[in-house]
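Enquirer:
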Amino acid sequence: MSASGHERASRHVTGDALYVHDLAVRDPATLHAWPVQSVHAHARVTAIDGGDALRMPGVRALLTARDVPGAKTIGPVRHDEPLFPDEVCYHGQPVAWVLADGESQARAAAARVRVAYEVLPAVLSIQAAIAADSFLTEPQAIVAGDPDAALGAASHRLAGELHVGGQEHFYLEMQCAWVHRDATGGFVVHSSTQHPAETQATVAHVLDVPAHRVVCESLRMGGAFGGKESQANLFAAIAALGCHVTGRPVVVRLDRRRDMTITGKRHPFFARYEVGFDGDGRLQALVVELCSDGGYSLDLSNAILGRALFHIDNCYRVPHLRVRGRVARTHLPSNTAMRGFGGPQAMVVVEEVVDRVARTLGLPPEVVRQRNFYRPGDRTHYGQQVRDAERIDRIWRELLATSDYASRRAAIDAWNTAHPHAKRGLAITPVKFGISFTTTALNQAGALVLVYRDGSVQVNHGGTEMGQGLHSKVLAIAVRTLGVAPQQVRMMPTRTDKVPNTSATAASSGSDLNGEAVRRACDELRGRLLPVAAAMLGCADDEVGITDGVVRGGGRELPFAEVVERAYQQRSPLFATGYYATPGIHFDAAAGRGEPFRYFAWGAAVAEVEVDGFTGAHRLRAVDILHDVGDSLAPAIDRGQIEGGFLQGMGWLTCEQVVFGADGALRSRGASTYKLPGVGECPPRFVVNMLSRATEPGAVFGSKAVGEPPLMLAIAVREALRDAVAAFGGGGPVALACPSVPETVFWAIQAVRRAPAATAAAADDQRPRSCR
Amino acid sequence: MTVPTDPPRGVSRRSFLKGSAIAGIATTGLTAAAAAPREAQSFGPGEHEISLSVNGTARKLTVETRTTLLDALRNRLDLTGAKQICDRGSCGGCTVLLDGQPVNSCLLLALDAVGHAVTTVESLGTGDTPHPLVQSFVACDALQCGYCTPGMVMSSLACLQQRGQPTREQMRRDLSGNLCRCGTYGRIFAAIERTAQGGGK
Ligand code: FES
Ligand code: FES
């Protein structure tokens, strides 16, 4: 292992790191499942005829509703997702599953299952859902001050709307679950899941057995990004059901197309806003209506909308603010968690607003942004004190200096004057992201640490590893607290029989929660070992030091294992649990007030692009980032999260486009029709720095969460594109659709070329209409 | 069932097999010449017993005509390093070397690999000391979830073997068929550079 890189990295590099499907194919008894998918977005299922399919070679079973001994519907919040629907609610929804000896046999047989439908009308967009009054939730709102009066009093006002696109997770490892029986009749569920406890509970409900009969293990995931927070459960339930019915191990492993057509994505949002501001660009009032596309079922949509409401301020102080939102129900796959969890969509909206304010006034956007930053002592629209508010101003100033912003601005302006058919754009945008699950009860974690007589250690905790480096960080915490050498510690696969009732590894909270739980368990063990060591060394407890597996004190040293053995002989327990519940957080949803976050993560990014006026295509020329990770637990990993999060956000905003056809079928359903950032999209200049002097007193070893916040740094690329588009026109605001793929950039250029002033005027006429 | 010895029934299947092998290579952006199949034998539907040279060892296995090399490696030989990610030749996660050339094993029939040397990522883990490229990937922390990693390693290996001291532009070209959703591209470049400069030896 490198100093602070990924644990078990060399196993990955030689192909020895196994994922669920790699385990399943090693067991020749395994049956393979394949879905029969709906060919309509909305229809009643009137008959399923599996006769021909069941006669095909290798086919063992056709799973339908009749086979379910327990709950026939699942869902993380509301049980509104039928395992085997009578009424299909999206194109591609699984109707039944075929089990066969081989995957290709199951697949061929699934194509021969005949399903009869009675087609029903479908709602396929947010606009259509609003028109049809089709919603999954009641509205949520947060109000600060008196926004209507403040809007009326503002010297300047403008209004507009923005549709923010969704995003496919495209974790490279598709959804996968493999279930077999153990020798005592229990079900062993190997699942690529971020939430083993919920996967376990789902399987138990579906099979109608107590949770203690089910063990769920999440060894590692080949990426998840939120897509396996709730949506791994269906596939584990089907695999478990298949195992229950046939008595054989069953694997459900989707191929890319099935994964893309069955599972939900990042929520698209539709926003209407009205903003009041003064002649210096200071925001005085903001009213925003948000409507997200939840898809056919609730899933986590309400909490995702909630996080959008919390992040509509980004880093900006708006004295009078009202944000309201509601989740639309459409006949599309159920949208779900994805890195940022509603925060990014809201932040794209407010950055759009601030940029329009700046360009309307003819002020540089970076000046207007900075002018509106929170100041020490400010509170957010939901009443939380903005602790460390001065940090964003510090980040801003440092980054403007290190990125050489002012002179690049001048150079770009000169370059643009000389190039009529291509323009460069430059932008800097800030990030503030609240850390904690906004559902307060989820902010708890447990750990189980076992020390063996030879001094080796097993560390168990409830967090899952999906590439974010959680196990590496927790390993570092255990090593530091216990004083052992890294090679003495084995990080165990995440299992529900080691730590029960865990929360999903999500909300960037994995290391804050699980790391602190492990630290507490290790601290307890250390506390038991110190007196034993002191007696052996003939010194006081507080003179004993343990580092790197060596116990020192009184001028002598002992191997860790000898102290452990003595503790064993003295009958001292050599295992400990650790438990952590984030203190001090609360939120009253009805009042829209509270302190839902333990702290905020801060950052800013500068992006420079060059846009081709003939095609709208762009090249990302340079990126400079300054991000706040507190005292990093593992700098190499945190840097990787910043780079990777940024690229994923950039993909979302500039090249990835989820496209559904008029029939509700997904058109972008493979790597060839859904453009992910590749090597070619990496900027030639990519400078990532971490903020110094940034200790976070509220988290383990002064660190900060880093999984999600960097994704929103990529908004700088969207704003740089807007800046380049603006250079094709004569000034004033620039409308830019989201995602800003080349086609939309092209049309934006056409618009500013035709009538630069008209764009703003037309948008100004719009007033927000209700999203209800 | 054994390999049929009947004469070919027609040219269509043969040219199909041959074409698919070339398609598998073409997406890597490297020359197909070295890996072009020899005069291919023709096979009908059903199962065939074949022998593949994998990581220097002859392995006997039974495959259907339609079985891809990727499925043969994963499902028949327990070599699960190569990953099936897109199954369409557009992600590079299944990259292995065929006579030293990187190929997308999801686009190549197992039958077409007969008579060629197949090298998988697992070959880098054998031996007393890890391959320098392995050490460089670890030292540069060139992975997050690790799912693209086996394919990235094999494409990087081919890039190094063919170019010695590749430039960034050459790396970009050679890795353009490999996707990483975690966004580790920059570190992979660093790992290739470190290996080219003798790091990890
Ligand atoms: S799985 Fe072969 S290229 Fe994607
Ligand atoms: S490391 Fe996760 S896809 Fe590359």
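Just so you know, the protein sequences line up as chains A and B, in that order.
For the first sequence, my numbering begins at 1 and goes up steadily by one.
For the second sequence, my numbering begins at 1001 and goes up steadily by one.
The C-beta atom is built at its ideal place from N, Cα and C for all residues, glycine as well.
Please report the straight-line C-alpha distance between V551 (chain A) and R490 (chain A), rounded to a whole angstrom.
Expert: Cα to Cα, the separation comes out at about 20 angstroms.
Enquirer: Could you check what DSSP says for N302 (chain A) in three-state terms: helix, strand or coil?
Expert: Three-state DSSP puts N302 (chain A) in a helix.
Enquirer: Output, in sequence order along the chain, the residues in the segment 1098–1125 of chain B whose CB is closer than 8 angstroms to any CB in chain A.
Expert: Correct list: T1120, V1121, E1122, L1124, G1125.
Enquirer: Pop quiz: G294 (chain A) and N335 (chain A) are said to be a contact at Cβ under 8 angstroms. What is the actual Cβ separation, rounded to whole angstroms?
Expert: Between N335 (chain A) and G294 (chain A) the Cβ distance is about 6 angstroms, and since that is below 8 angstroms, they are a contact.
Enquirer: Under 8 angstroms: do the segment 490–502 of chain A and the segment 680–693 of chain A share three or more Cβ pairs, one atom per stretch?
Expert: No: fewer than three Cβ pairs fall under 8 angstroms.
Enquirer: Report all residues from its chain with a CB closer than 7 angstroms to the CB of V532 (chain A); omit the five preceding and five following residues, and keep chain order.
Expert: These residues qualify, in order along the chain: V563, R566, A567, Q570, S572.
Enquirer: Determine, for P1130 (chain B), whether the minimum Cβ-Cβ distance to residues of chain A falls below 9 angstroms.
Expert: With 9 angstroms as the cut-off, P1130 (chain B) counts as an interface residue toward chain A.
Enquirer: On the DSSP bridge assignment, give the partners of P430 (chain A) in chain order.
Expert: Beta-bridge pairing links P430 (chain A) to A:A604.
Enquirer: When every heavy atom of ligand 1 is checked, does at least one fall within less than 8 angstroms of the C-beta of D313 (chain A)?
Expert: Not so, every heavy atom of ligand 1 lies at least 8 angstroms from the Cβ.
Enquirer: Alpha carbon to alpha carbon, how far is G227 (chain A) from T759 (chain A)? Give it in angstroms, no decimals.
Expert: Reliability of the predicted coordinates at T759 (chain A) is poor, the pLDDT of 45 falling under 50, and the value obtained from them is presented with this limitation in mind. Straight-line Cα distance between these residues: approximately 38 angstroms.
Enquirer: To be precise: take each residue of the segment 212–230 of chain A, compare its Cβ to all Cβ atoms of chain B, and keep it if any distance is under 9 angstroms. Which residues remain?
Expert: Within the segment 212–230 of chain A, the qualifying residues are R220, M221, G222, G223, A224, F225.
Enquirer: Within 9 angstroms (strictly less), CB to CB, does C1148 (chain B) reach chain A?
Expert: Answer yes: the Cβ-Cβ gap between C1148 (chain B) and chain A drops below 9 angstroms somewhere.
Enquirer: Considering G446 (chain A), what are the terminal residues of the beta strand (DSSP E) in which it resides?
Expert: G446 (chain A) -> beta strand (DSSP E) spans 444–451.
Enquirer: Could you tell me whether the Cβ of E1064 (chain B) comes closer than 9 angstroms to any Cβ of chain A?
Expert: Yes, contact with chain A.
Enquirer: Any chance the CB of G15 (chain A) is under 8 angstroms from a heavy atom of ligand 1?
Expert: Because no heavy atom of ligand 1 lies under 8 angstroms away, the Cβ of G15 (chain A) does not count as near it: no.
Enquirer: Considering only C-alpha positions, which residue in the set A:Q385, A:V354, A:R387, A:G377 is nearest to R371 (chain A)?
Expert: It is A:V354.
Enquirer: Starting from the Cα of F269 (chain A), find the closest Cα among A:L321, A:A346, A:Y316 and give me that residue.
Expert: F269 (chain A) has its Cα closest to that of A:A346, out of A:L321, A:A346, A:Y316.
Enquirer: In angstroms with no decimal places, state the Cα-to-Cα distance between I1192 (chain B) and V741 (chain A).
Expert: Approximately 31 angstroms, taken between the alpha carbons.
Enquirer: Please identify the residue among A:C243, A:A237, A:R394 whose C-alpha is closest to the C-alpha of D182 (chain A).
Expert: Out of A:C243, A:A237, A:R394, A:C243 has the C-alpha closest to the C-alpha of D182 (chain A).
Enquirer: Assuming V708 (chain A) contacts S508 (chain A) under a Cβ cut-off of 8 angstroms, what Cβ separation, rounded to an integer in Å, is found between them?
Expert: One detail in the question is off: residue 708 (chain A) reads as Glu in this sequence, not Val. Yes, E708 (chain A) and S508 (chain A) are in contact; Cβ-Cβ is about 4 angstroms, under 8 angstroms.
Enquirer: Below 8 angstroms on the Cβ atoms is my guess for L1070 (chain B) versus V1054 (chain B); work out the distance and round it to an integer in Å.
Expert: Going by Cβ atoms, the distance from L1070 (chain B) to V1054 (chain B) rounds to 12 angstroms, so no, they are not a contact pair.
Enquirer: Let's see if you can read the secondary structure: which residues bound the beta strand (DSSP E) around I142 (chain A)?
Expert: First-last of the beta strand (DSSP E) with I142 (chain A): 140–144.
Enquirer: Between Q37 (chain A) and chain B, is the shortest Cβ-Cβ distance under 9 angstroms, so that the two count as touching?
Expert: Cβ-Cβ to chain B under 9 angstroms: no for Q37 (chain A).
Enquirer: DSSP state of H421 (chain A), grouped into three classes?
Expert: In the structure shown, H421 (chain A) sits in coil (DSSP, three-state: anything other than H, G, I, E or B).
Enquirer: Could you tell me whether any Cβ in chain B is nearer than 9 angstroms to the Cβ of C682 (chain A)?
Expert: Taking Cβ atoms only, chain B reaches closer than 9 angstroms to C682 (chain A), which makes this a yes.
Enquirer: Looking at A150 (chain A): is its Cβ nearer than 9 angstroms to the Cβ of H267 (chain A)?
Expert: The answer is no: Cβ separation not under 9 angstroms.
Enquirer: For R26 (chain A), would you say it is in contact with chain B, using Cβ-to-Cβ distances shorter than 9 angstroms as the test?
Expert: Yes, R26 (chain A) counts as interfacial toward chain B.
Enquirer: Given that a residue counts as buried once 16 or more other Cβ atoms are within 10 Å of its Cβ, and exposed if not, what is F614 (chain A)?
Expert: That one is exposed.
Enquirer: Which residues in chain B sit within 9 angstroms of E173 (chain A), going by Cβ to Cβ distance?
Expert: By Cβ distance, chain B contributes K1083, I1085, C1145, Y1147.
Enquirer: Taking the Cβ atom as the reference point for each residue, do V679 (chain A) and L1175 (chain B) lie within a distance shorter than 9 angstroms?
Expert: Yes. Within cutoff.
Enquirer: Let's test the definition: count the other Cβ atoms within 10 Å of the Cβ of K1060 (chain B) and tell me whether it reaches 16, buried, or not, exposed.
Expert: So K1060 (chain B) ends up on the exposed side.
Enquirer: Which chain B residues sit within Cβ distance under 7 angstroms of P709 (chain A)?
Expert: Result: empty, since nearest Cβ-Cβ is about 15 angstroms, beyond 7 angstroms.
Enquirer: Can L172 (chain A) be considered in contact with ligand 2, in the sense that its beta carbon sits closer than 8 angstroms to one or more heavy atoms?
Expert: Yes - ligand 2 has a heavy atom lying nearer than 8 angstroms to the Cβ of L172 (chain A).
Enquirer: Taking the runs of the beta strand (DSSP E) that are 3 residues or longer, which of them lie wholly in the segment 321–404 of chain A?
Expert: The qualifying runs do not exist here; there are none.
Enquirer: Find the nearest neighbour of E608 (chain A) within the set A:D208, A:V518, A:A720, A:L530, judged by alpha-carbon distance.
Expert: Closest by alpha carbon: A:A720.
Enquirer: Comparing C-alpha positions only, which one of A:I392, A:N443, A:V725 sits nearest to R754 (chain A)?
Expert: Answer by Cα proximity: A:V725.
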